[in-house]
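First to last, the sequence lines map onto chains A and B. Per the working numbering, residue 3 is the first one in the first sequence, and the count goes up by one each step. Per the working numbering, residue 748 is the first one in the second sequence, and the count goes up by one each step. Even for Gly, the Cβ is constructed at its ideal location relative to N, Cα and C.
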Amino acid sequence: MDETVAEYIRRTVLKIPRDEIKAMLQKWGFLSEEQLETVNFHQIKDNISQDVVQLCEENSADIKQAAVLDMIYNHIYSNKRTWSVYQMSKRGEDTEVFDLTDFKKKFKRRLRSDLKNVTINFKEYEDNAIWIRIAWGTPYKKPNQYKTSYVVYHSQTPYVFISASVLKSNMPLLCQALVVASNYHDIREMELRSHSLNSLKDIVFKKYSQNFQSYYPRPLQERNVAPETDLRIVEENRSEKERIQRLTREAFGDGPQPKLEFAQYKLETMFKSDPTMDVLDKKEPFRCLVKFSSPHLLESLKSLAPMGMADAPLSPLLTCIPQKARNYFKIREKKGLLPGSFLSP
Amino acid sequence: GLFAHLELLEARAYKAAVKQEEMEQQKEKLARLRARVQELRLQRDELRAKLDLQRKRELGKEGAVLDPAQSSARAVVEWKIKKLKSMLQIFYLTGISGKLTKRGVCFCISTAYEGTYLDSYHLDLLTKPEVQIYRHSLPIFIPLQQIAKKFLQTDIRRFLAVLSDHLNAYMGRRYQADQLQERFSEQLEGTLQRNSLCNLLVFNYKVSSQSETFPFHARLLYGDPCCSLPTQVLVSC
């Protein structure tokens, strides 16, 4: 077994939290149950990884099999990477019949025709997600297994989720290969980024909680009157509180919000001041960047009005984030923001 | 002399009479107010009794004597609510129901396959200045924009019917693929290859007869997006 492969497997195992190592190796399926029994998973991680590498030697692992272990790790710990969303478009209107084998063949062929030294791995999951792992090399160097790109694609959708961490020069090649393999014409990057891959999927696949008015009798448990409170306490502004609750529910829906870490607003508007103050001599747009960060941005925005920190209704610039599927905005003069059209794709 | 004395006595008698009358009036007034108080007290007791009765009935205690007028009004309201709920249920069962919103209408399309109810999807439309889609919860691989371009402005009924066909067919295909994986897992070899729209299924399976098993490879193509049955099937040994 190659030295580099051994080192790669060792480093991958070291990344995994100790309690998860055995389960992940079982999922990998490259080592048999009997082999796994021989490893003591309670020793320090350094020793565990050495033992695992030893067993892989016995089975003569190659880089492709080692890459599968890396894929399993990144699938479970996908929140350690930053994911961007790309949108593909096509001119034709035929319903596609997506053939997975065809897709994989076309992708590999296209990418390999541009770059000889790449390692490409595919893995399909139950939710129709196709994961692609790409390790990039150059015409003179073998692929660097530590600087990998991950692509997640759901068939017959125009969205691709990419976690790049590569040289800028490789992105166009990757994009071209995706477009060719999936029978689209064009691809562009959306203004949407987050660590939580599932939240990005929820936003673009419209699976986040939207408050639709319908007659379909939904269970109304969440809407019950507040539980018994002390009768000696009288709420003076109950109607105001109810108004805020109603507006918040209308803007954000009832369920959990997708997890985004920030929203960035780039202002290119004129500074509006008292004419007598005349701060700027030249009438130039005042450039300013406003960034909201949070471990869970949308949940914190949702709780602003109920906690009394902001007036309800909140600015539509904040509440439109999931619907417009973006967390980077440019605000220009006259009639506000760079519009995404109402029929957001 | 005498006349002055008589005048005095007359005046005194007059005053006494007036006083007497006043007192009598006061007494009468008092009696009347007392009677009124009694009346009000009686009314209050009656209302309290009614309230207690209501409360007891709500808590479900037995043996309460129901006020007939009250119970019939309540029964009518309950019957009306039940009737409305069943009407809404019927609309839901037809597969397409809608509710007017402030700016347009919100449709709910429900799907089913052969007697099993599956998911529901929502479509929020604006009606001014022209009919357009505001937001929706449809799966992203349903060709909503294509269908909207063809029918949304001209024939909204057809738009909804075509959309409902697409959704029901997709859900039907997906349900069948899921059932295949669940109920025929012993015959399936390896994984079932499918895609988001479930319009191409490729799998290997084995058929056993008389202690011999025959491996087969199947490829099911569903060419019609509005149909939940395949248009082309290839089976090979």
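The continuous alpha helix (DSSP H) containing A/Cys-177 extends over residues 172–183. By the Cβ test, the region 79–99 of chain A is in contact with the region 179–189 of chain A, since at least three Cβ pairs between them sit closer than 8 Å. Annotation for A/Ile-205: the continuous alpha helix (DSSP H) segment containing it runs 199–206.
Straight across, the Cα-Cα distance linking A/Leu-320 with A/Gln-147 is about 40 Å. If you look at B/Ile-894, you'll find it in the alpha helix (DSSP H) that goes 891–898. Taking a Cβ-Cβ cut-off of 7 Å, the neighbours of B/Phe-888 in chain A comprise Gln-158 and Thr-159, given in sequence order. Under the three-state reduction of DSSP, B/Arg-804 is assigned to helix.
By the beta-carbon neighbour count (other beta carbons within 10 angstroms, threshold 16), B/Met-918 is buried. The beta carbons of A/Val-15 and A/Val-54 sit closer together than 7 Å.
B/Leu-944 has a beta carbon lying within less than 7 Å of a beta carbon in chain A. Each residue's CA atom was taken as its position, placing A/Glu-270 and B/Arg-882 some 29 Å apart. Close partners of B/His-869 in chain A (Cβ separation under 8 Å): Gln-212, Phe-214 and Ser-216. Comparing alpha-carbon positions, the option among B/Ile-887, B/Thr-848, B/Ile-894 and B/Leu-914 lying closest to B/Lys-875 turns out to be B/Thr-848. Along the region 97–129 of chain A, going in chain order, the ones with a CB nearer than 7 Å to a CB of chain B are Thr-97, Val-99, Phe-100, Asp-101 and Leu-102. When rounded, the separation of the alpha-carbon atoms in B/Asn-942 and B/Leu-967 is 12 Å.
Residue A/Ala-327 holds the alpha-carbon nearest to the alpha-carbon of A/Val-206 among A/Asp-72, A/Ala-327, A/Asn-61 and A/Tyr-75. B/Gln-979: not part of any alpha helix (DSSP H); member of the beta strand (DSSP E) spanning 979–983, first to last residue.
Taking the C-beta atoms as reference points, B/Glu-936 is found nearer than 7 Å to B/Lys-953. Runs of the alpha helix (DSSP H) lying entirely within the region 930–981 of chain B, each at least 4 residues long, are absent.
Ranked by how close their Cα comes to the Cα of A/Trp-133, the residues A/Pro-141, A/Ser-151, A/Asn-239 and A/Lys-143 have A/Ser-151 in first place.
Measuring C-alpha to C-alpha distances from B/His-964 to each of B/Gln-934, B/Cys-973, B/Asp-971 and B/Gly-970 identifies B/Gln-934 as the nearest. Residue state for B/Leu-885 is assigned as coil, using DSSP reduced to three classes. For A/Ala-265, the enclosing beta strand (DSSP E) has its first and last residue at 264–272. In this chain, the alpha helix (DSSP H) harbouring A/Tyr-75 covers 65–78.
Across the set A/Ser-201, A/Gly-257, A/Gln-247 and A/Glu-193, the C-alpha of A/Glu-193 shows the shortest separation from the C-alpha of A/Gln-266. Less than 7 Å separates the beta-carbon of B/Lys-846 from that of A/Gln-215. Burial is judged here by how many other beta carbons sit within 10 angstroms of a residue's own beta carbon; A/Ser-305 has fewer than 16 and is exposed.
With its beta carbon at least 7 Å from every one in chain B, A/Lys-326 lies outside the interface. The residue among B/Asn-946, B/Leu-899 and B/Tyr-860 with its C-alpha nearest the C-alpha of A/Asn-130 is B/Asn-946. Annotation: A/Asn-49 is outside any beta strand (DSSP E); the continuous alpha helix (DSSP H) that includes it extends over 47–60. Distance between A/Leu-57 and A/Tyr-127, taken at the CA atoms: about 27 Å.
A check of alpha carbon separations from A/Glu-59 across A/Lys-17, A/Asp-48, A/Arg-12 and A/Lys-203 identifies A/Arg-12 as the nearest. Against chain B, a Cβ distance below 8 Å from A/Val-206 picks out Ile-887. DSSP places A/Met-192 in no alpha helix (DSSP H) but in the uninterrupted beta strand (DSSP E) bounded by 188–196.
Contact annotation for B/His-964 against chain A: no contact, minimum CB-CB distance about 12 Å [criterion: below 9 Å]. Under a 10 Å Cβ-count criterion, B/Gln-923 is classified as buried, with 16 or more other Cβ atoms of the shown protein chains found around its own Cβ.
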